[in-house]
Amino acid sequence: MADSTFDPSASRLSFESTETLIDASPLILKFNRRSVTNATIYSHTFPVYRISTNKDGTKTDVYDTLGNETRIATIKRREFLPDVIKYRNRGNGTAANDVVKINNWLKYEKLEGGLTGVSFDSTCGQLTWRYGQLERYRLALYKSKDFSNPIAYLDLSEPGIPILLRISPGYQYLVEDILMSALILEYKLKMFERLKKHDLLYGPILGSLVSFR
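Set out below in structure tokens:
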């Protein structure tokens, strides 16, 4: 039975509520797989995004599936040149649909306790993804480096359970910034883990993970 709390015919504007009209509950985005390369993302029981990646992993397209399916982002991963992204909702002064170098958008830094931070600017200030052995979640997003409570997190804690992205009330209007950055970082983390497993920690893929160049 369809969930009456979510209208699939609603416009994207209503899905990405403004901060003043935000719903009191968190936005839960559920992937249908443990993958950020080819997956469908659901809110309640309705698909809201679809991710499609080519066979060699060099290009990922993200589609808005509310109403007419629309491509909202393209991520290109390049071996010798910087990775780039093109998407509609930058929200930080960059014109919509501009092609942006990912290392100019996501800024890598080392944090205390051996944790890694990746920051980006948003309309509500600087946001920082954090990951590492001491971080509770796979990826956790914090505002202004206040690491006491994440405003969003990507959860892969239960084996065999698909990915879940939770965004706290008051930040749901940033859903596409949060989602796109999470997709990029999770892909790099997965590649890093595969290389580490096979003792292949060298080359452009690792360099891209560490420095985001």
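In terms of the UniProt record's numbering, the sequence shown opens at residue 1 and continues consecutively. All C-beta atoms, glycine included, are put in the ideal place defined by N, C-alpha and C. Predicted model, so just to flag it, every value in this text is computed and none were measured.
With distances taken from CA atoms, which of Thr65, Leu66 and Ser52 is nearest residue 235?
-> For the chain, the structure presents residues 1 to 213; residue 235 sits outside this window and is missing.
Have a look at the DSSP bridge pairing and note the partners of Val84.
-> Residue pairing by DSSP puts Val84 in a beta bridge opposite Lys76 and Lys101.
Nearest residue (CA-CA) to Ser137, options Thr123, Thr116, Asp121 and Phe120 | It should be pointed out that residue 137 corresponds to Tyr in this sequence rather than to Ser. Taking only the C-alpha atoms, the option nearest Tyr137 is Thr116.
Enumerate in chain order the residues of its own chain whose CB-to-CB distance from Glu135 is below 7 Å, with the five nearest sequence positions on each side excluded.
-> Leu115
Does the separation of the CB atoms of Leu127 and Asp64 fall below 9 Å?
-> No. Outside cutoff.
Taking Cβ to Cβ, would you say Lys125 is nearer than 9 Å to Lys107?
-> Sequence check: residue 125 is Gly here, not Lys. No, the pair does not count as a contact, with Cβ atoms beyond the cut-off.
Relative to the C-alpha of Arg78, which residue among Ile102, Leu195, Asn38 and Lys145 is closest?
-> Ile102
Glu193, buried or exposed, once every other Cβ within 10 Å from all chains shown has been counted against 16 | exposed
Would you kindly check if the distance between the Cβ of Phe31 and the Cβ of Pro150 is under 9 Å?
-> no
When you compare each of Ser122, Tyr153 and Thr123 to Arg130 by their alpha carbons, which one comes out closest?
-> When only C-alpha atoms are compared, the closest one is Tyr153.
Simplified DSSP assignment, three categories, for Val175 | helix
Close Cβ partners of Arg34 (< 7 Å) along its chain, the five nearest in sequence each way excluded | Leu156, Pro162 and Ile163
Host beta strand (DSSP E) of Tyr63 (start-end) = Lys59 to Asp64
Counterpart residues of Tyr42 in DSSP-defined beta bridges | Lys30 and Pro47
Have a look at Met191 and Tyr49 and give me their C-alpha separation to the nearest angstrom.
-> 23 Å
Arg194 by DSSP, collapsed to three states: which one?
-> helix
Where the beta strand (DSSP E) containing Lys107 begins and where it ends = Where Lys107 is concerned, the enclosing beta strand (DSSP E) starts and stops at Lys107 to Lys110.
Span of the beta strand (DSSP E), counted from its first residue to its last, around Val118 = Thr116 to Ser122
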